[in-house]
Amino acid sequence: MKSKAKWLLTLLLIISIISMSVACAPSQPASTDTGGEKPVDTGAPDDGKEPVVYFCISHMTNAWAITASESMEAEAKKQGANLTVLEAGQDINAQVSQVEMAVTNGADAIIIEPVSAEGAIAAIKKAEQDGVRVIVYNQNIADPSQATTFVGVSNADMGYMEMKAAIDAIDGKGNVVLLLGPMGSEGQIGRSAGYDKALKEYPDVNVVFQEDAQWTTEEALKLVENWISTGTEINAVVSQNDNMALGAIKAFEDAGIEGVPVYGVDAVDDALKAIKKGRLTGTVDQATAEQSRLAIEVAIKLSKGEAVEKEYLAEPTLIDINNIDNYLTE
0 MKSKAKWLLT LLLIISIISM SVACAPSQPA STDTGGEKPV DTGAPDDGKE PVVYFCISHM
60 TNAWAITASE SMEAEAKKQG ANLTVLEAGQ DINAQVSQVE MAVTNGADAI IIEPVSAEGA
120 IAAIKKAEQD GVRVIVYNQN IADPSQATTF VGVSNADMGY MEMKAAIDAI DGKGNVVLLL
180 GPMGSEGQIG RSAGYDKALK EYPDVNVVFQ EDAQWTTEEA LKLVENWIST GTEINAVVSQ
240 NDNMALGAIK AFEDAGIEGV PVYGVDAVDD ALKAIKKGRL TGTVDQATAE QSRLAIEVAI
300 KLSKGEAVEK EYLAEPTLID INNIDNYLTE
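Residue 99 in numbering that gives the first Met the number 0 sits at position 100 of the sequence shown; the count goes up by one each step and never skips.
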């Protein structure tokens with residue numbers, strides 16, 4: 000009996016110890032796992048986020064630049080991009096700083112219409128090295144390989160088209176004067192190259208004056224007034240944009256001179272109206288709105304990591320009295 004009692008006592012002791020251990024064990028929280036996979040943070044951007052795009056434009060001093068800026072803003076809104084426009088005032092140092100600021104502010108892509116074909120290269124190269132894709136717009140840089148892509152027109156083709164029209168207007172002989180854009184800009188370089196190509200084909204056409212008029216009507220007016228005052232015969236004016244061409248027209252009108260063909264580039268509204276009225280002979284349309292559409296489209300593709308072409312070119316068109324009604328909306 001003693002042995003049996005001792006065994007029962009031991010068993011009760013063991014049961015008591017086990018019960019105390021269970022009671023003192025810390026409680027566990029209920030599981031919330033529903034059996035699905037846990038989300039993984041990939042660091043990928045929200046699909047609904049608009050790409051951040053900066054448009055660094057060389058200036059806003061004439062109708063073409065305003066058209067470029069406004070059409071770029073319209074396309075950004077239409078296609079879904081967050082666009083900031085920065086104007087350099089024809090100051091390459093200011094434009095370099097603006098490109099650097101765009102990179103610092105987290106731009107997904109930069110569209111640049113460069114002040115200088117050479118001067119913008121270093122800033123573009125640095126932006127690309129920092130991982131921001133750069134689209135050169137309208138006026139290319141001296142070394143296009145430094146940017147991801149170019150969207151614009153061939154300035155050389157436009158220059159050739161414009162000069163050829165002017166030469167045809169004077170029957171292949173006579174004196175022409177040239178109103179140039181800012182020296183060193185790709186618009187000036189490319190269009191001048193087109194002029195030279197056409198002039199080589201017509202040895203009886205002489206360039207008697209050429210000068211930088213800074214894309215402005217006021218500078219062109221002063222220059223042409225001075226050229227007229229020399230008494231030199233001027234048979235045609237070839238201007239690298241419409242604003243300068245309009246300045247030339249005013250100089251001739253103020254001097255009472257009629258019948259001198261004047262050509263420009265850009266197809267801005269005032270130029271189209273002047274063609275309709277017989278004041279301006281012609282202009283080359285560089286399809287600015289189409290360039291802006293392409294630039295925003297390419298910027299969005301780049302922000303998504305999509306491949307793009309190295310170059311996108313819009314087609315220029317010569318506008319004169321024969322087709323003006325196809326372009327003038329008023």
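Even for Gly, the Cβ is constructed at its ideal location relative to N, Cα and C.
Residue environment, residue i, which counts as buried when at least 16 other CB atoms sit within 10 Å
{"i": "I320", "result": "exposed"}
{"i": "I248", "result": "buried"}
{"i": "M160", "result": "buried"}
{"i": "T184", "result": "The amino acid at residue 184 is misidentified as Thr; the sequence shows Ser. Buried, by the Cβ-count rule."}
{"i": "G88", "result": "exposed"}
{"i": "G151", "result": "buried"}
{"i": "N154", "result": "buried"}
{"i": "P113", "result": "buried"}
{"i": "T287", "result": "buried"}
{"i": "Y311", "result": "buried"}
{"i": "M182", "result": "exposed"}
{"i": "K48", "result": "exposed"}
{"i": "K163", "result": "buried"}
{"i": "A126", "result": "buried"}
{"i": "T215", "result": "buried"}
{"i": "S238", "result": "buried"}
{"i": "Q128", "result": "exposed"}
For residue i, the three-state DSSP class (helix, strand or coil)
{"i": "A212", "result": "coil"}
{"i": "V297", "result": "helix"}
{"i": "R132", "result": "strand"}
{"i": "D324", "result": "helix"}
{"i": "T147", "result": "coil"}
{"i": "I177", "result": "According to the sequence displayed, residue 177 carries Leu and not Ile. Reduced to three states, the DSSP call for L177 is strand."}
{"i": "V237", "result": "strand"}
{"i": "D40", "result": "Since pLDDT at D40 reaches only 28, below the 50 mark, its modelled position is unreliable, and no value is offered."}
{"i": "Y53", "result": "strand"}
{"i": "Y201", "result": "coil"}
{"i": "A121", "result": "helix"}
{"i": "A337", "result": "Any answer about residue 337 is impossible in this case: the structure gives the chain only from 0 up to 329."}
{"i": "N139", "result": "coil"}
{"i": "E310", "result": "strand"}
{"i": "V223", "result": "helix"}
{"i": "D45", "result": "Residue placement at D45 cannot be trusted, given a pLDDT of 43 that sits under 50; what the coordinates show is reported in the next sentence. D45 falls in the coil class under three-state DSSP."}
First through last residue of the beta strand (DSSP E) which encompasses residue i
{"i": "V261", "result": "261-264"}
{"i": "V95", "result": "Segment 91-103 is the alpha helix (DSSP H) holding V95; no beta strand (DSSP E) there."}
{"i": "N81", "result": "81-86"}
For residue i, the first and last residue of its enclosing alpha helix (DSSP H)
{"i": "G281", "result": "Segment 281-284 is the beta strand (DSSP E) holding G281; no alpha helix (DSSP H) there."}
{"i": "D319", "result": "It is not in any alpha helix (DSSP H) - D319 instead sits in the beta strand (DSSP E) that spans 316-319."}
{"i": "T66", "result": "62-78"}
{"i": "K272", "result": "268-275"}
{"i": "G158", "result": "154-168"}
Distance between beta carbons of residue j and residue i, contact taken as under 8 Å
{"i": "V264", "j": "V283", "result": "5 Å"}
{"i": "N242", "j": "A121", "result": "Actually they do not touch by this definition, with Cβ atoms about 30 Å apart."}
{"i": "E74", "j": "S302", "result": "Not quite, the Cβ-Cβ distance comes to about 14 Å (not below 8 Å), so this is no contact."}
{"i": "A146", "j": "I123", "result": "5 Å"}
{"i": "L220", "j": "L271", "result": "Incorrect: roughly 20 Å between the Cβ atoms, too far for contact."}
Check: residue i C-beta below 7 Å from any heavy atom of the ligand MN
{"i": "S70", "result": "The ligand MN is not part of this structure, which contains no ligands at all."}
Sufficient close CB pairs (3 or more, under 8 Å) joining the segment 221-240 to the segment 167-187:
yes
Is the segment 47-54 in contact with the segment 76-91, if contact means three or more CB pairs nearer than 8 Å?
yes
Pair every Cβ in the segment 245-262 with every Cβ in the segment 186-198, then say whether three or more of these pairs are closer than 8 Å.
no
Between the segment 125-138 and the segment 162-169, are three or more C-beta pairs nearer than 8 Å?
With contact defined as three or more Cβ pairs closer than 8 Å, the segment 125-138 and the segment 162-169 are not in contact.
Is there contact between the segment 290-297 and the segment 64-79, where contact requires at least three CB pairs shorter than 8 Å?
By the criterion of at least three beta-carbon pairs nearer than 8 Å, the segment 290-297 is in contact with the segment 64-79.
Stretch pair the segment 114-124 + the segment 86-101: three plus CB contacts closer than 8 Å:
yes
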